[in-house]
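First comes the structure, then the notes that go with it.
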Amino acid sequence: PEIANGTIEIKGAARDPGGRSKIAVYTEDPRIDPAGACIGMRGSRVQNITNELSGERVDIIIWDEQPAEFVINAIAPAEPVAIVVDEEKHTMDLAFPEDKLGKAVGVRGQNVRLASELTGWNLNVMSEEDFAIKTGAEQEKTVAFLAEKMDIDSEIAAILVREGYSSLEEIAYGDIDDLYAIEEFDSESADAIRDIANDILLTQAIGAEEALEDSALIDTLPGMTDDLLLQVKLNGIHTWDDLAELSTDELTDITGLDADSAAALILTAREPWFAE
Numbered sequence: 001p002e003i004a005n006g007t008i009e010i011k012g013a014a015r016d017p018g019g020r021s022k023i024a025v026y027t028e029d030p031r032i033d034p035a036g037a038c039i040g041m042r043g044s045r046v047q048n049i050t051n052e053l054s055g056e057r058v059d060i061i062i063w064d065e066q067p068a069e070f071v072i073n074a075i076a077p078a079e080p081v082a083i084v085v086d087e088e089k090h091t092m093d094l095a096f097p098e099d100k101l102g103k104a105v106g107v108r109g110q111n112v113r114l115a116s117e118l119t120g121w122n123l124n125v126m127s128e129e130d131f132a133i134k135t136g137a138e139q140e141k142t143v144a145f146l147a148e149k150m151d152i153d154s155e156i157a158a159i160l161v162r163e164g165y166s167s168l169e170e171i172a173y174g175d176i177d178d179l180y181a182i183e184e185f186d187s188e189s190a191d192a193i194r195d196i197a198n199d200i201l202l203t204q205a206i207g208a209e210e211a212l213e214d215s216a217l218i219d220t221l222p223g224m225t226d227d228l229l230l231q232v233k234l235n236g237i238h239t240w241d242d243l244a245e246l247s248t249d250e251l252t253d254i255t256g257l258d259a260d261s262a263a264a265l266i267l268t269a270r271e272p273w274f275a276e
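Mapping of the sequence shown onto the numbering used here: residues 1 to 276, in sequence order.
Printed below as a string of structure tokens:
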């Protein structure tokens, strides 16, 4: 009845027909537990649904506007001990104790697959050890990127990464007080670092504007989906030429595409070069 009268809203569902379903529910009424109301006394309500679906297991998940919280709810009954969100690639890395990893993945990958489908995020489930290795590698990669892009010492770049900075935009547009609060930086150093990031972004913006006049917009490239379009634009790729100049590995890193798909997209973007 709570769903019928609008007190509880179904935000989404993911199904493996005959096996398992995950349903996300939400209510604006703080007095109501939406999951508990749907499950019913001793599971009676959800059991009725299971019976109607010939024994299909139904998980009731609480929807949350915060993507990480929603994913944590959706991956239940496993509980991650750490999570890293990559908004640009729309992926999340989740770490689990070794003895809980199987529960997180589920039989034939069912649990993580349904959680991914329900939340709309690509989920990478891994052990704590693998998570630590990957996180360390990603941090080293970010340090190298900032050091090269900003022409600063790697020690300074490492401090920025340690404090949570991973992009020029975060340095240029974030709260300046956060930079001032870094122990190793005085206010003059913090201002200088911010100015460097601002200057680079301004130069990139001017270059992108000039490039738009000379090359077809990336939106018109055959094979470009909405998700891909968002990912490439977030990485400063706005024209066919921008994409054509990438290597397969670079495009794979940016979009998460497999190597063959990335190579095919790049070749399409390069077609005007061969026609000239």
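Using N, Cα and C, we set each Cβ at its ideal position, and we do this for glycine too.
Taking all protein chains shown into account, do 16 or more other C-beta atoms lie within 10 angstroms of the C-beta of residue i, making it buried, or fewer, making it exposed?
i, result
"Met41", "exposed"
"Asp242", "buried"
"Asp214", "Note on Asp214: pLDDT 49, under 50, position unreliable in the model; no value is reported."
"Lys22", "buried"
"Arg31", "exposed"
"Gln47", "exposed"
"Leu230", "exposed"
"Leu114", "buried"
"Ile39", "buried"
"Gly106", "buried"
"Ser116", "buried"
"Ala78", "buried"
Alpha carbons only, please: which of the options is nearest the one belonging to residue i?
i, options, result
"Glu184", "Ala172, Ile156, Gln204, Ile171", "Ile156"
"Asp99", "Leu221, Asp260, Leu217, Ser127", "Ser127"
"Ala104", "Asn73, Ala14, Thr91, Ile133", "Asn73"
"Leu313", "Thr135, Val25, Thr142", "Here the chain comprises residues numbered 1 to 276, so residue 313 is not present and cannot be evaluated."
"Asn5", "Asp130, Ala147, Asp29", "Asp29"
"Met201", "Gln231, Leu179, Glu170, Ile218", "With the sequence shown as reference, residue 201 is identified as Leu, and Met is not the correct amino acid for it. For Leu201, the nearest C-alpha among the options comes from Glu170."
"Ala264", "Asp253, Ala244, Phe274", "Ala244"
"Val146", "Phe131, Ala132, Ser166, Ile133", "Checking the sequence, you will find Leu at residue 146 rather than Val. The option with the nearest alpha carbon to Leu146 is Ser166."
"Leu221", "Asn198, Ser187, Pro272", "Pro272"
"Ala14", "Cys38, Gln110, Ala68, Asp219", "Gln110"
"Lys11", "Thr91, Ser44, Thr135, Ile60", "Ile60"
"Phe131", "Ile152, Asp258, Thr50, Val85", "Val85"
"Asp64", "Leu234, Gly120, Asp258, Ala172", "Gly120"
"Gly18", "Ala190, Gly236, Gly55", "Gly55"
"Ala205", "Glu129, Asp249, His238", "His238"
"Pro67", "Ile83, Cys38, Glu138, Pro97", "Ile83"
"Asn198", "Val161, Gly174, Phe96", "Gly174"
"Ala137", "Gly43, Ile152, Val161, Leu114", "Val161"
"Leu168", "Asp153, Ile193, Val112", "Ile193"
"Asp249", "Ile266, Trp240, Lys233", "Ile266"
"Lys233", "Glu87, Glu129, Gly106, Arg20", "Glu87"
Secondary structure at residue i, three-state DSSP: helix, strand or coil?
i, result
"Asp130", "helix"
"Ser215", "Any answer about Ser215 is weak, because its pLDDT of 48 lies below 50 and its placement is not dependable; what the coordinates show is given next. The answer is coil: DSSP assigns Ser215 none of H, G, I, E or B."
"Leu123", "strand"
"Ile60", "strand"
"Leu221", "coil"
"Glu277", "Residue 277 is absent from the structure shown; the chain starts at 1 and stops at 276."
"Val285", "Given that the chain is displayed from residue 1 to residue 276, the structure contains no residue 285 and the question cannot be resolved."
"Asp258", "coil"
"Asp93", "strand"
"Thr252", "helix"
"Glu9", "strand"
Between the beta-carbon of residue i and the beta-carbon of residue j, is there less than 7 Å?
i, j, result
"Ile3", "Thr27", "no"
"Leu94", "Val58", "no"
"Ile196", "Met224", "no"
"Ala35", "Ile75", "no"
"Thr91", "Asn122", "yes"
"Ala269", "Leu251", "no"
"Ala172", "Leu179", "no"
"Phe70", "Pro80", "no"
"Ile218", "Asn235", "no"
"Lys141", "Gly256", "no"
"Ile176", "Glu163", "no"
ask   = Curious, which full-length alpha helix (DSSP H) runs of at least 4 residues does the stretch 15-43 contain?
value = 34-39
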